[in-house]
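0 is the number of the first residue of the sequence shown in numbering that gives the first Met the number 0; add one for each residue after it.
We put the beta carbon where it would ideally sit given N, CA and C, even for glycine.
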Amino acid sequence: MGKEMKKHPIIVCRCENVTLEDVEKAIDEGYTDLESLKRKLRIGMGPCQGRTCLPLVIRILARKLRKSPDELLIPTSRPPISPVPMKVFLAEGEDDNEE
Ligand code: FES
Numbered sequence: 000m001g002k003e004m005k006k007h008p009i010i011v012c013r014c015e016n017v018t019l020e021d022v023e024k025a026i027d028e029g030y031t032d033l034e035s036l037k038r039k040l041r042i043g044m045g046p047c048q049g050r051t052c053l054p055l056v057i058r059i060l061a062r063k064l065r066k067s068p069d070e071l072l073i074p075t076s077r078p079p080i081s082p083v084p085m086k087v088f089l090a091e092g093e094d095d096n097e098e
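This is how it looks when you write it as C-alpha cells:
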C-alpha cells in the first residue's frame, strides 16, 4: 500500500459532468446561491432538468453555508403555461409549400 490511490471524482450532475469538487470550489469562490451556481456550472440545465442534481446541490450548499436546506432560496421553475405549436416559431412563409 505504498502507492497513493488516485481519487475518483464524485459526479453531482451527470448531464453536465459537474463534480462535487466543482460545486464546493464555486461556493468557496462566492457563488453562494442556487441561481448563481446554475449559471456558473450549468447544473440543472441538462436533459433531466436537474431532477437528480439540484436536490444534491441544495444539500451541498446548505452544508457549506451551515444552513438548513429550507433556509435557502430555491428558484422556481418556469415551464411553459401551455404547449406552443412549432409553427409559431417558424418565420412567416417558411411553412408554405408553394411550388
Ligand atoms: S443531472 Fe444535472 S441536469 Fe441532469
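query = Cβ of residue 19 within 8 Å of any heavy atom in the ligand FES?
reply = Along the sequence shown, read from residue 1 onward, the residue named residue 19 stands at position 20. Closer than 8 Å to some heavy atom of the ligand FES: that does not describe the Cβ of residue 19.
inquiry  = Quick check on residue 0: does DSSP put it in helix, strand or coil?
reply    = Taking the first residue of the sequence shown as 1, we reach residue 0 at position 1. Confidence in residue 0 is poor, its pLDDT being 44 and thus under 50, which makes the residue's placement too unreliable to answer from.
Delimiting residues of the beta strand (DSSP E) encompassing residue 11 = In the sequence shown, the residue the question calls residue 11 occupies position 12. For residue 11, the enclosing beta strand (DSSP E) stretches over residues 10–12.
task = Report whether the distance from the Cβ of residue 33 to the nearest heavy atom of the ligand FES is below 8 Å.
result = Along the sequence shown, read from residue 1 onward, the residue named residue 33 stands at position 34. Flag unset: Cβ of residue 33 not near the ligand FES.
query = Excluding the five sequence neighbours on either side, which residues of its own chain have a C-beta within less than 8 Å of the C-beta of residue 36, listed in chain order?
reply = Start at 1 with the first residue of the sequence shown, and residue 36 comes out as number 37. Cβ within range, chain order: 22, 25, 26, 30, 42, 56, 60.
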